[in-house]
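Take a look at the structure set out below.
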């Protein structure tokens with residue numbers, strides 16, 4: 002199988018020739034080790050060179066305007082700060098690559114929302130990185146187009162504290178902001194479908210390490226319909242899609258599994274997520290992606306621990322396919338290349 006075939010076979014519930022390997026390459030260390038270049042920004046050229054040279058089976062490339070990643074339209078404020086096209090002010094930091102830290106937000110209340118104007122999702126250049134990745138990959142790797150979930154967008158343009166406060170004090174305001182996010186990203190999904198992207202990923206963290214962000218009833222009323230709308234559109238366009246969701250989301254799993262999604266990433270082990278339990282409960286209905294501990298094992302773990310945990314993931318969730326091997330979050334600079342390499346080589 003080619004990398005693209007392998008990734009798509011697993012994502013759609015099949016049994017590939019071997020377990021596919023994939024991750025979010027949020028590690029300049031990993032990219033430099035493979036390409037010899039230290040990337041200043043997350044970009045298709047460096048990501049694809051690393052993906053193809055190393056032999057990963059898929060690569061994540063965000064749709065243009067993806068909040069926190071794409072800073073092509075940034076306006077410099079001073080040497081440490083800039084404003085992106087969404088109006089969010091970021092502080093430059095070497096510690097949170099590829100995203101910087103949002104420190105000021107364009108929407109602080111209803112009056113700001115009334116005046117707020119979305120960036121234009123239809124600009125042709127928004128597909129330029131996707132097109133480049135496709136031309137480089139051919140069939141060697143699946144191109145995973147990223148579109149932001151409504152809560153993710155809301156936290157970037159309003160701040161997490163405001164969103165959590167308004168969820169109780171003014172839930173309709175939060176719904177309006179989620180609706181605003183979907184106005185942009187539904188258009189993005191349509192563009193990705195038209196561009197024949199292989200896969201769509203919707204990053205949308207829904208929990209802390211200890212518990213989900215919202216109670217189940219509040220989640221269902223406030224947020225779930227907007228997430229579901231994105232997956233419905235992708236499914237209607239014939240493009241398989243998966244949810245990236247850090248945190249402890251055990252409470253939401255039944256609702257998420259009932260949506261038109263193909264996979265769930267990253268099954269965060271350090272947040273109390275058991276890939277074995279998820280597999281036993283949902284069978285091959287969901288392709289499971291991830292689950293190798295990125296907080297401890299891939300940072301400080303010994304070789305035996307890395308090998309055993311990787312094999313454990315495959316044994317618990319991959320014996321009948323529908324598994325893509327990855328860390329339980331993303332690859333980051335604090336992870337020594339040798340440890341990440343051992344995980345992938347074991348798979």
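Numbering (this note's numbering), first residue to last: 2 to 348.
Backbone N, C-alpha and C define an ideal beta-carbon position, used for all residues, glycine too.
Sequence-distant residues of its chain with Cβ nearer than 6 Å to residue 80 (five each side left out): For the purposes of this step, residue 80 is taken as residue 79 along the chain shown, with counting starting at 1. So the list is empty, once near-sequence residues are dropped.
Validate contact between the segment 225-243 and the segment 179-194 using beta carbons, cut 8 Å, 3 pairs: yes
Counterpart residues of residue 324 in DSSP-defined beta bridges: Counted from its first residue, the chain shown places residue 324 at position 323. Note: residue 324 sits in a beta bridge opposite 289.
Beta carbon of residue 270 nearer than 8 Å to that of residue 294: Indexing the chain shown from 1 puts residue 270 at position 269. Indexing the chain shown from 1 puts residue 294 at position 293. Cβ atoms of residue 270 and residue 294: closer than 8 Å.
Any beta strand (DSSP E) of 3 or more consecutive residues that is wholly inside the segment 91-140: 102-105
Touching by the beta-carbon criterion (3+ pairs, under 8 Å), the segment 122-137 and the segment 2-14: no
contact_flag[the segment 295-310, the segment 43-57] where n(CB pairs < 8 Å) is 3 or more: no
Among 292, 319, 257, 197, nearest to residue 224 - alpha-carbon criterion: In the chain shown, residue 224 corresponds to position 223, counting from 1. Among 292, 319, 257, 197, the Cα nearest to that of residue 224 belongs to 257.
Which listed residue (205, 336, 16, 348) has its alpha carbon closest to that of residue 310: Here the question's residue 310 lines up with position 309 in the chain shown. Nearest C-alpha to residue 310: 348.
Proximity test, residue 95 beta-carbon vs the ligand HEM heavy atom, cut-off 7 Å: Only the bare structure without any ligand can be found here, which leaves the ligand HEM out of the picture.
Selected residue, minimal CA-CA separation from residue 297, among 119, 244, 341: Working through the chain shown from its first residue, we reach residue 297 at position 296. Residue 297 has its Cα closest to that of 341, out of 119, 244, 341.
Residue 209 burial status per 10 Å Cβ neighbour count (16 or more: buried): Counting from 1 along the chain shown, the entry for residue 209 is found at position 208. Exposed: under 16 other Cβ atoms inside 10 Å.
Short Cβ contact (8 Å threshold) for residue 233 with residue 261: Translated into positions along the chain shown, residue 233 becomes position 232. Translated into positions along the chain shown, residue 261 becomes position 260. Contact: yes.
Cross-strand partners of residue 264 (DSSP beta bridge): Along the chain shown, read from residue 1 onward, the residue named residue 264 stands at position 263. 243, 288, per the DSSP bridge assignment.
Inter-stretch contact at 8 Å, needing at least 3 Cβ pairs: the segment 149-169 / the segment 103-120: yes
Runs of alpha helix (DSSP H) wholly within the segment 13-71 (minimum 4 residues, chain order): 29-36, 45-55
Local Cβ density within 10 Å of residue 199, reported as buried at 16 or more and exposed below that: Taking the first residue of the chain shown as 1, we reach residue 199 at position 198. Residue 199 comes out buried.
Residue closest to residue 337, alpha-carbon to alpha-carbon, out of 21, 30, 195: Locating residue 337 in the chain shown gives position 336, counting from the first residue. Checking every option, the nearest Cα to that of residue 337 belongs to 30.
Spatial distance of residue 291 from residue 124 (CA atoms): Counting from one through the chain shown, the residue named residue 291 turns up at place 290. Counting from one through the chain shown, the residue named residue 124 turns up at place 123. Rounded to the nearest angstrom, the two C-alpha atoms are 33 Å apart.
Backbone CA spacing between residue 48 and residue 103 [nearest angstrom]: Here residue 48 is taken as the residue at index 47 of the chain shown, counted from 1. Here residue 103 is taken as the residue at index 102 of the chain shown, counted from 1. Cα to Cα, the separation comes out at about 24 Å.
Nearest-angstrom Cα separation, counted from residue 278 out to residue 183: On the chain shown, residue 183 is found 182 positions in, with the first residue counted as 1. On the chain shown, residue 278 is found 277 positions in, with the first residue counted as 1. So the two alpha carbons sit approximately 32 Å from each other.
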